[in-house]
Each structure stands twice: as C-alpha cells, then as structure tokens.
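Chains as they are written, first to last, in my numbering: chain Y, 1 to 317; chain E, 1001 to 1326. By construction, the Cβ of each residue, glycine as well, lies at the ideal position given by its N, Cα and C atoms. Encoded as structure tokens, the structure appears first; notes follow it.
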C-alpha cells in the first residue's frame, strides 16, 4: 500500500474530496434557487386567494350579498355606499384590449411577414433593432404619449371634437397599447414563420405560385400554431397592461361601451386605489386583491391556452 | 391520326400580370405595416423632445421636486432609480443565474418536477407586473416589515427583483444552452466535476450572453411603474438615501453635501428609507392637469430614456468585447 502513504496522492485525494463536496454544495444551492420560483408562484396564488377570501368575508360582514358582484352594473368600492359589479372593470379591460388587438395583430403579423419573407437582408438588419426599441420603451412613456399626443389628435380628427371625444378615453389608450404590442406580435410570429422550412416555399414556387400565393397558402398555414399563440400572448399582455390605461383611459365606474368615453380597467382600478390613502384591512384594500385575482386568472388562462395551442397544433417537419 | 390543338393563347390565358400585381400590393402593405410602428416611435420621440428639452438642464437634474413647475427637479427620482439599478441585480442575478445553471446543467429534464419548474417559470414571465406589486405589498411591505421598514428602497428593489427573475432565468438558460456540448465533455474527460466544468468552462463562455440578457431584463425593471405604485412608493421625496453622503437643502433649494458616511450602518439605513423612482415621478407629473407639468414630465422622460440607452449601450459593448475574445 505505497499509494496511500505517498504525500502527493494524499494531496490529490484531499483535493478530489473538496471538489466533490463543492459540486454537491453547488448542486443543492442552485436547486434551491431554481425551486425558489415555485415559492413565488405559490406566494402570489396564496396572497391573492387569501385576500380575496377576506374580501368576501368583509363583504358579508357589511351586509352586502356576494351575488351582487355578478349582477351589479356599477363598480364603486371607494364610495360610501359601495357597489361591486366586477363586470364593469372586466368589460373595460376587454374593450381596451380589443382596440389594442385591432391595431397590433394585423400590423404585427404583416411586419413579421415583411421582415421574414420580403425584406432584403440589409433593410431587415436596420428595421428589426428599431422595432425592438419600440418594445423597450417604458409603458409610462406610452401613457404620456396616449394622454398628451394621441388624444388631442383624436379630438381634432373625429368630427365633434371635445364634445364627443373625452379627455380620457378607451380609444387612445387602446390604440397606443396596440402600438406597444406590435413588436411582441411581430417577433413571436416571425419566429414561427422562420421555422417553416424553405423546402415548402420552394415546392410552392415549383408549382408556379407567386410569392404572395406562397405566403398566404403555404407559409402562414404552416406557421399558424405559433402565430395563434403569439396572438394569445398579445391579448394577455394587453389585459395586464397598466400604465397606459391608468393615464389615458380614465376611471368611469359605470358600464360603458363607447370607446370615445372614459373606461376603467382592472389594472387602472388597482392603481387608483394604490395612489390614495387606503387604510390596510379596509374593504377597499381587499378589493384591489380581489381585482388582482380576477386579472391573474384571466392572464393565467390565456398563457396556458397559448402554450397548449403551440404544443397541440405544432406541425413537425 | 392528327389532333387539332387550339393555340394556347386562346385556351390558356395567363393572368400572371394580375398575380404579380397582387404580390407587389401585398409587399407594399406589409412594408407600410412595418413602418407604421416606427412612425409612431418617431412621433413619440419628437413630441417628448420638443416638450421636454426647454426644461431639461443641469438644474433639473440636481434639484428636488417642487409645487412650482419651473422649480421642479428630478434628483430624488434619478437617485432612487440608480439605487434600484444596483440593488435589483444583487438579488435577481445570483438567484436567476443559479436557477438557470440548475435547469440546464444538473436537472434531469424527464422528471415531472423539473418539467413543472419549466412551466412555472414561463408562466411567471407572463404574470402582469401589477400582480408583482400586490405580491410586494403583502410580502415585502407587510410581512417582512421588520426587515424592510415598510415602503422603502429595499422593498421596492425586492419587488422588482422578483419581477425580473423569470426573465433573467430564461435569458441565462438560453446563453448557457448555446455553449457546445463538447466543452463539457472535454472537461469531464480530464476529470472535472460537473461544477468545475460549469465554473471554469461553461460560465466563462456563456458570460457575454448572460450579461446581455440580464442587463436587458434590468432595463425593463427600471422602466416599470405599476408595481412600485401598488407598493405605495411616494411621489414627493425631498431627501436622498444617507449613503454614501448625507445631504441637506439650503434656502435656495440647492443640494449640499453634509457629511460622507460610507459605512455599513448607514448603508442599511439607506436601504430602509422611503424612495421614489423616475417612472413614478413621470407618471405623477403627466397625470397633473397643468400643461407646464406635462413639459416637466417630458423632461423626466428624457432622463429615463437616456438612462435606458446608457444601460443598453453597456450591454452591447460588453457583448462586443466578449465576442472578440472568443
């Protein structure tokens, strides 16, 4: 047994021992870091569920029936005689989101098609980074833009002016939100279009199809699962968008389907309450968590749907 | 037997011209769609700069907010944002990069719990930022109050760090995944443990990518407003965190340094001071009715955009440097 008495071998063994322990420690440490993200999800869910429970509890204590949440058409939790028609802020959220999607989905998809199918490489190298700047602009800047640039423009071009277009309105907030979401739709759709193999395009050209016919009848159908998933994620982003709507869309507490009037979204409501001095453990304080819970559920469902879509309908080449 | 073939021009009428026209029209429409967004980006920048530049000067950057628009400055918000810029990485980067290392290098991806981990992180990335504000309000402001002392810099930094964590994890994973498999195999072949392969070979190669992704995530956090508002960050702050210098304001509204205090105690004290940040200040000014404050808000936007451009240039130059070395 000369090997074990050799001092070099002992040093080697000691070092080997340290390396193995280091590996084990780091493995467990990074494991803990990774699973910390689960704690965040559990934390968010627990907080929203618990505080929503307190909200219903408080509601019952104040003698308000919980069914009015679904039947009432006014949302005024901060008034002295509060009403909790959550449908008002859900519809407000949906309205600004729909306006944003009318802008973002066609424009984003067409940009993606232009960049991946038509743009010469040099033009693409210029346009793509600029489009990404659009995604990097903070949302509060877009809110400023909607409130102080787009709304005055709308008041000038829509006949009727100030009397028809309110200073705070769903249309300008939704429109600017659409511009903000264009880069998201464009880059996700472009990824999907990029993944379509060139063989399919060349096969289509060989049959005599033009570039337009190839794009519409071969490329887009092949990339459809990715494009639809990009669209769903865009909706989810619109639903959760906060600063644009709280600056430019207003705080109307009643059910409103006119995009030229003020509307209140879920996120704008949370901001409105947070800006005021709401004492903790008051009914209004719990209301923002209930509103947050509704918002969380909406975006969670949309995100799961987008993920499912891309898995279920992905074409394998 | 002969067959009479009718000349093809009669039988087959080519409509190639029309189809070619359709392609060109489609291409034109697609081009305008791409330009559409850029047009509004230009309009936005033009408006911000024409409104904000008259207010954007050295005095604006070095004074505190005021009720009078011509006296209003952005110092406390700028300092608050710079504090956040240094605090967020302290929490988010080790956690995010560590998680990415585990998921790329150690985790057995066929295990159900690691698949849940991946789904969880992609879902977290899709949670609206305002929900993180609610999480921060409950967890960091109320539950951890003994540590954070309420609505302070520390609570704000922790909230934003939680917000960017999924983004940091996703971008770090992509950077680690881009390191070729051979590098690891070669390291194992000469007797490296997994950790040694990661620390000495994978991480140095992935460093540029990780840094770029994380700085981009950080610049997103600096622009976030909603979580800080939900947290209850104040909008009118006329003092600075007492580290590394304690400041006071004299009668003319000029900030003067009172004493230098770079110790650990005053650092912790600084973490526990109320704060404001650029986006909150911009939001506050933009939501006031007076047009002068809108111009001040535009000047604030210029400061914010300059800060973001600076961060992104750092990311780009770092990437260029590391790519050369490789």
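Nearest CB-CB separation between residue 83 of chain Y and chain E: not below the 8 Å threshold. Of all residues in the segment 262-293 of chain Y, only 267, 270, 271, 274, 275, 280, 288, 289 and 292 place a beta-carbon less than 8 Å from a beta-carbon of chain E. At the C-beta level, residue 119 of chain Y and residue 127 of chain Y come within 8 Å of one another. Counting of Cβ neighbours within 10 angstroms places residue 1015 of chain E among the exposed residues, the total staying below 16.
A buried status is given to residue 266 of chain Y, since no fewer than 16 other beta-carbon atoms sit within 10 Å of its beta-carbon.
Exposed is the label assigned to residue 39 of chain Y, since fewer than 16 other Cβ atoms lie within 10 Å of its Cβ. A straight-line Cα-Cα distance of about 43 Å links residue 287 of chain Y and residue 113 of chain Y.
Residues are counted here when their Cβ sits less than 8 Å from a Cβ of chain E; for the segment 36-51 of chain Y these are 36, 37, 38, 40, 41, 43, 44, 47, 48 and 51, given in chain order.
Excluding its 5 nearest sequence neighbours in each direction, residue 1088 of chain E has C-beta neighbours in its own chain below 7 Å: 1157, 1160, 1161, 1164, 1218 and 1221, listed in chain order. Per the C-alpha coordinates, the member of Y/235, Y/228 and Y/276 positioned closest to residue 1229 of chain E is Y/276. When C-alpha distances from residue 1305 of chain E are compared across E/1260, E/1178, E/1288 and E/1056, the shortest belongs to E/1056.
The bridge partners DSSP lists for residue 75 of chain Y are Y/84.
Between residue 140 of chain Y and chain E, the shortest Cβ-Cβ separation is below 8 Å. Residue environment analysis places residue 1024 of chain E among the exposed positions, since fewer than 16 neighbouring C-beta atoms fall within 10 angstroms of its C-beta. Beta-bridge analysis with DSSP links residue 1301 of chain E to no other residue.
Scanning chain Y for C-beta atoms nearer than 7 Å to the C-beta of residue 1034 of chain E yields 111, 114, 115 and 127, reported in chain order. Where residue 1023 of chain E is concerned, the enclosing alpha helix (DSSP H) starts and stops at 1016-1052. If the five residues before and after residue 291 of chain Y are omitted, its C-beta is found closer than 7 Å to the C-beta atoms of 89, 266, 269 and 270, all from its own chain and listed in chain order. DSSP, read as helix, strand or coil, puts residue 1237 of chain E in coil. In this model, residue 254 of chain Y and residue 32 of chain Y are separated by some 47 Å (Cα to Cα). Counting along the chain, the unbroken alpha helix (DSSP H) around residue 1081 of chain E starts and ends at 1075-1101. The Cβ atoms of residue 297 of chain Y and residue 234 of chain Y lie no closer than 8 Å to each other. Between residue 1138 of chain E and chain Y, the shortest Cβ-Cβ separation is below 8 Å. Of the residues E/1272, E/1264, E/1284 and E/1278, the one whose Cα lies closest to the Cα of residue 272 of chain Y is E/1284. 182, 183 and 186: these are the residues of the segment 181-198 of chain Y whose beta carbon lies less than 9 Å from some beta carbon of chain E, given in chain order. Here DSSP, grouped into helix, strand and coil, assigns residue 152 of chain Y to helix. Uninterrupted alpha helix (DSSP H) stretches at least 4 residues long and entirely within the segment 95-180 of chain Y occur at 121-136, 139-145 and 151-157, given in chain order. Scanning chain Y for C-beta atoms nearer than 9 Å to the C-beta of residue 1022 of chain E yields 210, 212 and 213, reported in chain order. Setting aside the 5 residues that flank it on each side, residue 1212 of chain E is surrounded in the same chain by 1315 and 1319, each with a C-beta closer than 6 Å to its C-beta; the list follows chain order.
Annotated three-state conformation of residue 196 of chain Y is coil, per DSSP. Taking C-alpha positions only, residue 1124 of chain E is separated from residue 1132 of chain E by approximately 10 Å. Residue 1122 of chain E is positioned such that its CB atom lies no closer than 8 Å to that of residue 1276 of chain E.
Cβ-Cβ distances below 6 Å link residue 1073 of chain E to 1060, 1063 and 1064 in the same chain, with the five nearest sequence neighbours on each side left out; the list follows chain order. When Cβ-Cβ separations below 8 Å define contact, residue 1237 of chain E makes no contact with chain Y.
When 8 Å is used as the limit between beta carbons, residue 308 of chain Y is near no residue of chain E, the shortest such separation being about 11 Å.
About 17 Å separates the Cβ atoms of residue 1223 of chain E and residue 1166 of chain E, ruling out a contact at the 8 Å cut-off.
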